[in-house]
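Below is one structure; the comments refer to it alone.
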Amino acid sequence: MPIARQTHLKRLEAESIEIFREVAAAFENPVMLYSIGKDSSVMLHLAMKAFYPSKPPFPLLHVDTTWKFGEMIKFRDETAKRLGLDLIVHINEEGVARNMNPFDHGSANYTHVMKTEGLKQALDKHGFDAAFGGARRDEEKSRAKERIFSFRNKSHAWDPKNQRPELWNLFNTRVNKGESIRVFPLSNWTELDIWQYILTEKIPMVPLYFAAPRPVVTRDGTLIMVDDERFPLAPGEVVETKQVRFRTLGCYPLTGAVESDADTLEAIVEEMLTVKSSEREGRLIDSDESASMEKKKREGYF
Amino acid sequence: MNAPTKQSAAVSAFLADQETKSYLRVLTCGSVDDGKSTLIGRLLYDTKLLFEDQLAALRTDTKKYGTTGEDEFDLALLVDGLQAEREQGITIDVAYRFFSTDKRKFTIADTPGHEQYTRNMVTGASNSDLAIILIDARKGVLTQTRRHSFICSLIGIKHVVLAINKIDLVDHSQSRFDEIIADYKSFADDFGFKTLQPIPMSARYGDNVIERSENTPWYEGPCLLDYLENIQVGTSREQGPFRMPVQWVNRPNLDFRGFSGTIASGQIAPGDKLVVAKTGQASTVKEIVTADGNLAQAGPGEAVTITLEDEIDISRGDMLVAADNRPEVSDQIAAHLVWMGEEALLPGRAYLMKCGTRTVTATVTELKHKIGINNFRKLAAKTLDLNEVAFCNLSLSEPVAFDPYEDIHETGSFILIDRFANATVAAGMISFGLRRATNIHIQALDVNKKARAKLNEQRACALWFTGLSGSGKSTVANILEKKLHNLGRHTYVLDGDNLRHGLNRDLGFTDVDRVENIRRVGETTKLFVDAGLIVLVSFISPFRSERRMARDLLEDGEFLEVFVETPIEVCAERDPKGLYKKAMAGEIKNFTGIDSPYEFPENPEIRIDTTERTAEDLAEDILEYLKVGGYIG
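Going down the list, the protein sequences come from chains A and B. 17 is the number of the first residue of the first sequence in the numbering used here; add one for each residue after it. 531 is the number of the first residue of the second sequence in the numbering used here; add one for each residue after it.
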């Protein structure tokens, strides 16, 4: 009696689960980078499935740049509590002491210090030898080139010209002391797969993904939400209330909103099917300089 | 969030449709500049899968890096994502792209054409069902066309599209097209491809890519996309015997013990009889557990957790298999290897082998032959260099369960890993097990090492002196042996003089021979330690891997590495045998420290420096170490 062929999402789900289990079995001290967005939510959901009825045998790590949306932080803490998981929050205190912010220091410099440096500090502090990240190959050209198990040297750098061959599902999990592997269980998922899976599995999401009236300003052609009183208005800028949502989440001053009426998951999927721009357009840090993602990744960014 | 509004019927229909689409994993390969990246760019562009901002970025990139002039998009830039690739206009590593049509979802692995990046092409091939092999119509079949076709065949790809590209540059000539096909078939006939579809194409202008071109009226076959949407590549893993390598033992509490893994082949249902392949212990499936509830049955590719009716010993690396259809279990196997290491494969050197979820130590005992890429002839070989392919015998530190790769890829494939750099150095495909393993039994002897050592009133061990030529290894070892002898201890010295002239006289000084030399020394050392002696081994032994191998042959605490840490300047100055002078004059080849490397020990038990103290004092120090360690009373 042949069983029905695995559906597309079930196949992706099984592949991700296999990756999670391999890491749990082969590494001493893994961690999951939890960035609160939709990809992290899917990744976390898959991790819960992979080890059922056990809990995932690793903590979550959030590198808090201090400029995330308020709703993200609330959702983060609720999620960890709801699932009963350990959550490590790391803030680069040196950066805070220098009052690093995206307005005075430029997005590239600010991201490097608060995100990349913060991440490296946290990985070193806890001695993690494997770190899960929610990156997908369809997001960006240099990501499309990256392995599922991606080696990092002692200074967390990626060497794109010298990646380990990755054959079949035989992942090379060997590292020497101080070296680590970034693991991407969602490598082969597309943005559409992610939304479809969220819809099918009813995965809880940060409300920012759904359209609602929000206070925004238009800056350099991008809609930026004024999430708290720290946001400095330029002369002539006016805060307006618009029906907007976010396709991707990050630091609020660096994340562009889109005008939308999509306030349910179904509506989001429908909107996505007719959309004309890619989700990374909403991320201001990617367009800082050409090949900027690859550069950041080589320096240790996820 | 508002209350749920219109669950749009269109969205529901679309999603249902997505879920039932079939799936195809495609590889593009071929020589440099045959247009692989351009073809993928063309597919993405013509199937309207690019967003406006991506097109805008492509326009900018074309101006900056493009090779097509500004009036046209340089489509290859959509796929060549690394800066080095864009600057050099080549593909270095495999890129994965996803697209879907009304009928199917596709993953495309775009792989590099340069020979030096062949290992990245193999990476792409190992996870693909169909290969598009591109050929530049002007150039015809090239070495890389042969190499990639051969690797596709070796990896077990059964379906090939021969994309004869740049057909516009040969005036859309049918005779040129036919000529290339004939040429290709003349060597690829034995490659075991089930389908081979040649298509004349221009990736740059889109001819025969997503629709049939008017420029090739003589061509009656399908366009590329049509063909990819309709070809059936179904594998029959469902009909195969049940196999599941255990990845992780799931023990949330004392009442639950499940075995998590991904099913490699076959079907399973509660009540089915399973055995652990390696030990033959049997049990019955109790439940198939998933987070979405227990399953009535499960099949290939599903990630599940199985509980059994009986408490049997199972851990990661074991394989659960159908009781009535079991895999082979052996510690001696014959396999094809694609070598991916920068350093050559050395027979006799120990590598880590990951096969399924089990990792063991493996050495190549015999390189049967390598395979020449030009004519696919079998060639004799002593080593294997980057990107070469060979058939060989391997000996494993313990038996593993496997199926021939041809039958089940998931349980017949393995990788080899360098034990120090941790690099992945080979892809392996098992052909069969060598029966020898079951016929050689270790003789259990009543008088053992411990009994012999006790009679000698000492703990047997090996002092392994390593260091450059002229560092003072033999001098210290000889003094130490005299001291031990005077104390009434039973000793033996192994060094170049008594081994190179006899047991090892057939060996030279190439890397291959050095590895074999040390392997024999290691085995001899093991026998002498087994005889209860304190063995003083004095060999340059320049490679960490081989010293590690010798260490692994002995039990914990028996191998004492003595690093004679004399700097090369001092050794060359001493030059007791005049060898440095000759080596520097180029009269001796492969001389350690001059034109052959010495890899320093990382954690030797003993370090001695002959520049600061006399050999006599150093021997005394080692004697003290042996006393403190309880080797001698």
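Positions of the beta carbon are idealized from the N, C-alpha and C atoms, including for glycine.
Minimum Cβ-Cβ distance from residue i to chain A less than 8 Å
i, result
"Ile836/B", "no"
"Ser1075/B", "no"
"Lys551/B", "yes"
"Glu858/B", "no"
"Ile947/B", "yes"
"Phe772/B", "no"
"Ala852/B", "no"
"Phe544/B", "yes"
Under 8 Å between C-beta atoms of residue i and residue j
i, j, result
"Val186/A", "Val652/B", "Correcting the residue identity first, residue 186/A is Leu in this sequence and not Val. Going by C-beta atoms, Leu186/A is not nearer than 8 Å to Val652/B."
"Ile1138/B", "Val1006/B", "yes"
"Arg767/B", "Ser790/B", "no"
"Phe144/A", "Ser203/A", "no"
"Gly829/B", "Gln797/B", "yes"
"Gln212/A", "Val274/A", "no"
"Met870/B", "Ala956/B", "yes"
"Gly316/A", "Ala173/A", "yes"
"Phe629/B", "Leu554/B", "no"
"Lys696/B", "Thr621/B", "no"
"Val260/A", "Arg235/A", "no"
"Tyr225/A", "Phe200/A", "no"
"His689/B", "Leu660/B", "yes"
Any C-beta of chain B under 8 Å from that of residue i
i, result
"Met64/A", "yes"
"Lys177/A", "yes"
"Gln259/A", "no"
"Asp236/A", "no"
"Lys161/A", "yes"
"Asp304/A", "Its pLDDT being 47, under 50, Asp304/A is placed unreliably by the model, and nothing is read from it."
"Phe67/A", "yes"
"Glu286/A", "yes"
"Asp93/A", "no"
"Pro181/A", "yes"
"Arg27/A", "yes"
Same chain, Cβ closer than 7 Å to residue i, five either side skipped, listed in chain order
i, result
"Asp244/A", "Gly86"
"Val1042/B", "Leu876, Pro877, Lys912 and Thr913"
"His10/A", "Here chain A covers residues 17 to 318 and nothing more, so residue 10/A does not appear."
Beta-carbon proximity list for residue i, same chain, < 6 Å, skipping 5 on both sides
i, result
"Arg787/B", "Arg781"
"Leu755/B", "Ile740"
"Thr746/B", "His702 and Pro730"
"Glu832/B", "Ile793"
"Leu1153/B", "Lys1013"
Residue i (DSSP reduced to helix, strand or coil)
i, result
"Ser743/B", "coil"
"Pro176/A", "helix"
"Tyr225/A", "helix"
"Leu660/B", "strand"
"Thr592/B", "helix"
"Cys753/B", "coil"
"Ser961/B", "strand"
"Thr23/A", "coil"
"Gly1038/B", "coil"
"His866/B", "strand"
"Ala974/B", "A caution first: Ala974/B carries a pLDDT of 49, below 50, which makes its placement in the model unreliable, though a value can still be read off. Residue state, collapsed to three classes: coil."
"Val85/A", "Rather than Val, the amino acid found at residue 85/A in this sequence is Phe. Coil."
"Tyr213/A", "helix"
"Ile1136/B", "strand"
"Glu817/B", "strand"
"Glu282/A", "helix"
Contact set for residue i: own chain, Cβ-Cβ below 8 Å, skip 5 residues either direction
i, result
"Tyr757/B", "Val691, Gln727, Ile729 and Gly751"
"Asn760/B", "Lys633 and Pro752"
Contact test: residue i Cβ vs the ligand NAP heavy atom, cutoff 7 Å
i, result
"Pro231/A", "With respect to the ligand NAP, the structure shown offers nothing to examine, as it has no ligands at all."
Notebook entry, point to check: Should the region 109-122 of chain A be called in touch with the region 148-156 of chain A, which here means at least 3 C-beta pairs below 8 Å?
Noted result: no
Check: In the region 41-56 of chain A, which residues sit with their C-beta less than 9 Å from some C-beta in chain E, listed in chain order?
Finding: This model lacks chain E altogether; the protein chains it does include are A and B.
Next item on the list: Would you check if the region 1044-1059 of chain B and the region 843-856 of chain B touch, i.e. whether three or more CB-CB distances between them fall below 8 Å?
Entry: no
Notebook entry, point to check: So, do the region 1101-1112 of chain B and the region 900-909 of chain B have three or more beta carbon pairs nearer to each other than 8 Å?
Noted result: no
Checklist line | Touch test, the region 241-255 of chain A against the region 90-97 of chain A, Cβ-Cβ under 8 Å, three pairs minimum | finding: no
Margin query: Could you check whether the region 22-32 of chain A touches the region 546-560 of chain B, counting it as contact only if at least three pairs of C-beta atoms, one from each stretch, sit closer than 8 Å?
Written below: yes
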